[in-house]
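Enquirer: Each residue of the sequence shown is one higher than the last, beginning at 624 in our numbering.
Here a beta-carbon is modelled for each residue, glycine too, at the ideal position from N, C-alpha and C.
Keep in mind it's a predicted model, so treat the numbers as computed, not measured.
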Amino acid sequence: MIRNSIVAKLWLTIVAMVVVVLALLSVLLQQFLDHYIYQQQSRQLVRIAQSVQILVNNGETPSTAAQVAQKLTSVQKAHVQVIIAEPIAQNKQLNSEYQHHFTASQKHQFQSGQPVTIHIRAKDRNPEHDSINVYLRISHAKTVGMLEVSQKMSALHAPITLMRNLIVFSVGLSILFTTALAFVLSKNISRPLVQMNKVAEEMADGNFRGKIRVVTTDEVGRLGRTFNTLVSQLDHTIAALSREKEQLSSILSSLNDGVVAADLEGSVTLANPPAVRRFIPLMDPDSDGEIRKLPADLAQLMSSVISKRGPVTRELTWTGREMLVTMTPLYESDGEQIRGVVSVQRDITEERRLDRLRKDFIANVSHELRTPLSMMQGYSEALLDDFGDDREQRIELSEIIHDEAIRMKRLVNDLLNLAQLESGHFQMSMNELNLVQFSERVARKFHAMAQDERITLKLDMAERDIMILGDADRMEQVLTNLMDNAIRHTPENGMVTLRVQAIEAHALIQVKDTGSGISPEDLPYIWERFYKADKSRTRGQGKSGTGLGLAITRYIVLEHGGDIAANSSPEDGTTFTISIPLLGHFIPAKNDGG
Ligand SMILES: Nc1ncnc2c1ncn2[C@@H]1O[C@H](COP(=O)(O)OP(=O)(O)OP(=O)(O)O)[C@@H](O)[C@H]1O
Ligand SMILES: [Mg+2]
624 MIRNSIVAKL
634 WLTIVAMVVV
644 VLALLSVLLQ
654 QFLDHYIYQQ
664 QSRQLVRIAQ
674 SVQILVNNGE
684 TPSTAAQVAQ
694 KLTSVQKAHV
704 QVIIAEPIAQ
714 NKQLNSEYQH
724 HFTASQKHQF
734 QSGQPVTIHI
744 RAKDRNPEHD
754 SINVYLRISH
764 AKTVGMLEVS
774 QKMSALHAPI
784 TLMRNLIVFS
794 VGLSILFTTA
804 LAFVLSKNIS
814 RPLVQMNKVA
824 EEMADGNFRG
834 KIRVVTTDEV
844 GRLGRTFNTL
854 VSQLDHTIAA
864 LSREKEQLSS
874 ILSSLNDGVV
884 AADLEGSVTL
894 ANPPAVRRFI
904 PLMDPDSDGE
914 IRKLPADLAQ
924 LMSSVISKRG
934 PVTRELTWTG
944 REMLVTMTPL
954 YESDGEQIRG
964 VVSVQRDITE
974 ERRLDRLRKD
984 FIANVSHELR
994 TPLSMMQGYS
1004 EALLDDFGDD
1014 REQRIELSEI
1024 IHDEAIRMKR
1034 LVNDLLNLAQ
1044 LESGHFQMSM
1054 NELNLVQFSE
1064 RVARKFHAMA
1074 QDERITLKLD
1084 MAERDIMILG
1094 DADRMEQVLT
1104 NLMDNAIRHT
1114 PENGMVTLRV
1124 QAIEAHALIQ
1134 VKDTGSGISP
1144 EDLPYIWERF
1154 YKADKSRTRG
1164 QGKSGTGLGL
1174 AITRYIVLEH
1184 GGDIAANSSP
1194 EDGTTFTISI
1204 PLLGHFIPAK
1214 NDGG
């Protein structure tokens, strides 16, 4: 707790310092005072002794002088006694037992009439019984004596104790006062630091709104202000950085292309959602779905990028999609060292498909045009060469040429139609149309054809009128193609049914035959231009189509806000079902092409 708190540390340090200093000071003071009192006392005793000496010198008897001295010293509780040894000659040595306490120099001092001060320790070793003794040589009427003025140390005890108590009291008071003051001081000093710590902790949690309350202008105050500036600048910088990062990541995620960056070990450092989507199927199925490593073919590409030190582009096929992958090296800030690679993957499946479609289209058109053209060329050459003498043969040749010309015209018209429909430039003229009446009229056109092919044509019409909003010519084109297809693909004694009904908000037109059907493999593709399910049969029987009919049909139905579907099986034949919104329910299709 203390180790973690700056307040406690500061506080304890100040208190400890003060305690040590005061203790030291009080010990020294104590010693000084002890010494001072002892000195003072000694001097006092010496003065008393000298007073007695003066009295004796002036003719008083030593005992009278001692009594006077005793009286004078009563306040001081000193004891004065004159020890007169055996009368001795003036210069003779005093042979007193007290002289045992004297050192040689003190003896000399004593003999020369100087006062000798001695601190005598008690025999019982109790310092209370110690005493200060002053000895002075006095002479009286030819006798020499020794004056002793002594004072028990215990007499000095009272002032010393008083002083000691005073010191202890003031030290204690100072310590108490210092403790309180040090606490307030350290609390004040450390408050901004504690606040800074709190704000820094908040910053670590991503909150940069914290502020320190700065009240002083000292170093800590300045530190607090600097800290506040730092926090707000960090806040701005981080906000700017995260804005930039968000912008970058939203750009990356809104891209259709996959973008991936990796370090030199092939570990992915950045991958946008399209890249992740495309990589997941390439990953090891046991992995946890995290994209950590580049897929194998990108890793391979990376090694060639690194060895080439330049961008590499390659076409790869991932889970059936064709991808154009470009990889470029990423350099360190020195512009020399490669630190990784960045790769962009573009899905070019659709581009490639359109490309193939375009090529197929040109091939198909050329093919479809070449047949009638070569026939026309052949037959016209025969006519020019006067082939066939009789008029009938020439008419037959001319009819073939005429038919082929019509076929070519139809092909060109169909292509034009389709191009207009696809580009959205086809102008429909929508009118109210009674589908029942309309379908009966179109079906009538096929009576002769059906009879020729020995096919039963059945009409299943609704009892009431079924009104739609439609372009009559275009709808006729639709019905004609479906009926034509049905009759052409139905063998003798078969049946073709045309059914017109209304279900809820839709009109249903069904063309059903009992023909050969369309194989499930072909069924999804019959709507494509030039697609012919049974190539062998549709050509060469004089009733071949171009494969454009259903493509046009579908576009027209879609333009009417409707839909078309085909069901087929070899046993039951084929059924085409068109559904078109009834009048009042038609919502024109949005036309992107304008
Ligand atoms: N009722 C059907 N029964 C069996 N196959 C059909 C039927 N209708 C269409 N198909 C198949 O679908 C193909 C595409 O038909 P679509 O009408 O688009 O072309 P087409 O009839 O060959 O030529 P076009 O209609 O331009 O004269 C046909 O070639 C045929 O193989
Ligand atoms: Mg057709």
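1) Please report how far the alpha carbon of Phe-831 lies from the alpha carbon of Leu-917, in whole angstroms.
2) For Ala-805, which residues from the same chain have a beta carbon less than 7 Å from its beta carbon, with the 5 sequence-adjacent residues on both sides left out?
3) Output needed for Glu-1076: all residues of its chain with C-beta closer than 7 Å, excluding positions within five of it in sequence on either side, in chain order.
4) How far does the beta strand (DSSP E) with Leu-1121 in it extend, from its first residue to its last?
5) I'd like the list of long-range same chain contacts for Thr-1079, defined as Cβ closer than 6 Å, with 5 residues on each side in sequence excluded.
6) Counting pairs of beta carbons, one from the segment 1129-1145 and one from the segment 1065-1072, are three or more of them closer than 8 Å?
7) Keeping to the same chain, check which residues put their C-beta closer than 7 Å to that of Lys-651; ignore five residues upstream and five downstream.
8) Pull up the distance between the alpha-carbon of Leu-1005 and that of Glu-974, whole angstroms please.
9) Look at Ile-1089 and Asn-1057 and say whether their C-beta atoms are less than 8 Å apart.
10) Please confirm whether any heavy atom of ligand 1 lies closer than 7 Å to the CB of Thr-1197.
11) Can you list, in chain order, the residues of its chain whose CB lies under 6 Å from that of Ile-671, leaving out five sequence neighbours each side?
12) Look at the Cβ atom of Gln-818, then the Cβ atom of Arg-845, and state whether they are nearer than 8 Å.
13) Is Asp-1107 near ligand 2, with its Cβ less than 7 Å from a heavy atom?
14) So what does DSSP say about Arg-1097, is it helix, strand or coil?
15) In the segment 889-958, which residue ranges form an unbroken beta strand (DSSP E) of at least 3 residues, counting only runs that do not cross its ends?
16) Exposed or buried, what is Ala-712 when buried is set at 16 or more other beta-carbons lying within 10 Å of its beta-carbon?
17) Start and end of the beta strand (DSSP E) containing Ser-1192?
18) Return the residue from the list Ile-1149, Glu-842 and Val-928 that minimises the CA-CA distance to Leu-1171.
19) Mind checking who Ser-762 pairs with in its DSSP beta bridge?
20) Confirm the yes/no value for this check: CB of Thr-1200, any heavy atom of ligand 1, distance under 7 Å.
21) How big is the Cα-Cα spacing for Leu-1020 and Asp-1186?
22) Return yes when the Cβ of Asp-1136 is within less than 8 Å of the Cβ of His-1112, no when it is not.
23) Can you tell me whether Asn-1057 is helix, strand or coil according to DSSP?
24) Rounded to whole angstroms, how far is the Cβ of Gly-1047 from the Cβ of Ile-1203, which I believe are closer than 8 Å?
25) Can you name the start and end residues of the alpha helix (DSSP H) that Ala-863 belongs to?
26) Among Ile-861, Pro-995 and Leu-1044, whose alpha-carbon lies nearest the alpha-carbon of His-619?
27) Return the chain-ordered list of same chain residues with a C-beta closer than 6 Å to the C-beta of Leu-770, the five sequence neighbours on each side being excluded.
28) To which residues of the same chain is Leu-1183 closer than 6 Å at the C-beta, ignoring the five residues directly before and after it?
29) Return the CA-CA distance between Gln-1000 and Asp-1157, expressed in angstroms with no decimal places.
30) For Ile-985, which of His-1208, Leu-1038 and Leu-645 has the nearest alpha-carbon?
31) Please work out which residues of its chain come closer than 8 Å, Cβ to Cβ, to Pro-904, disregarding the five sequence neighbours upstream and downstream, and give them in chain order.
32) For ligand 1, is there any heavy atom lying closer than 7 Å to the beta carbon of Lys-1155?
33) Rounded to whole angstroms, what is the Cα-Cα separation between Leu-1206 and Ile-1091?
34) Pick out whichever of Thr-784, Glu-751, Ala-1085 and Asp-753 has its Cα sitting closest to the Cα of Gln-654.
Expert: Walking through what the data contain:
1) C-alpha separation (whole angstroms): 37 Å.
2) Same-chain partners within the cutoff: Trp-634, Ile-637 and Val-638.
3) These residues qualify, in order along the chain: Ile-1110 and Glu-1115.
4) Leu-1121 -> beta strand (DSSP E) spans 1118-1126.
5) Taken in chain order, the residues that qualify are Met-1118.
6) Counting Cβ pairs under 8 Å, fewer than three are found: no touch.
7) Looking at the sequence provided, one finds Leu at residue 651 rather than Lys. Counting only Cβ-Cβ distances below 7 Å, and skipping sequence neighbours, we find nothing.
8) Reading the sequence as shown, one finds Ala at residue 1005 and not Leu. Distance between the alpha carbons of Ala-1005 and Glu-974: 46 Å.
9) Remark: C-beta atoms of Ile-1089 and Asn-1057 approach each other more closely than 8 Å.
10) Thr-1197 Cβ: within cutoff of ligand 1.
11) Here Ile-671 has Ala-692, Thr-696 and Val-772 as same chain residues with Cβ atoms under 6 Å from its own Cβ, once five neighbours each way along the sequence are excluded.
12) The Cβ-Cβ distance between Gln-818 and Arg-845 does not fall below 8 Å.
13) Between ligand 2 and the CB of Asp-1107, the shortest heavy atom gap is smaller than 7 Å.
14) Arg-1097: helix per DSSP, three-state reduction.
15) Here the runs fully enclosed are 891-894, 935-941 and 944-954.
16) Only weak support exists for where Ala-712 lies, its pLDDT of 46 falling under 50; the coordinates are left without a value.
17) From DSSP, the beta strand (DSSP E) with Ser-1192 extends over 1186-1192.
18) Taking Leu-1171 as reference, the option from Ile-1149, Glu-842 and Val-928 with the minimal CA-CA separation is Ile-1149.
19) When DSSP reads this structure, Ser-762 sits in a beta bridge with Val-767.
20) Taking 7 Å as the cut-off, the C-beta of Thr-1200 does not count as close to any heavy atom of ligand 1.
21) Looking at the two C-alpha atoms, the distance is approximately 43 Å.
22) Yes, the Cβ-Cβ distance between His-1112 and Asp-1136 is below 8 Å.
23) In the displayed model, Asn-1057 falls within a strand according to three-state DSSP.
24) Rounded, the Cβ-Cβ distance is 19 Å, inconsistent with contact.
25) Here the alpha helix (DSSP H) through Ala-863 covers 842-877.
26) Here the chain covers residues 624 to 1217 and nothing more, so residue 619 does not appear.
27) So the list reads Ala-672, Val-675, Val-705, Leu-759 and Ile-761, once near-sequence residues are dropped.
28) Reading off the sequence shown, one finds His at residue 1183, where the question assumed Leu. Apart from sequence neighbours up to five positions away, the residues of its chain that approach His-1183 with a beta-carbon distance below 6 Å are Gly-1093 and Ile-1203, ordered along the chain.
29) Gln-1000 and Asp-1157 have their alpha carbons spaced roughly 27 Å apart.
30) Looking at the Cα atoms, Leu-1038 is the closest of the given residues.
31) Here the set comprises Trp-941 and Thr-942.
32) Checking the Cβ of Lys-1155 against ligand 1 gives yes.
33) Distance between the alpha carbons of Leu-1206 and Ile-1091: 4 Å.
34) Gln-654 has its Cα closest to that of Thr-784, out of Thr-784, Glu-751, Ala-1085 and Asp-753.
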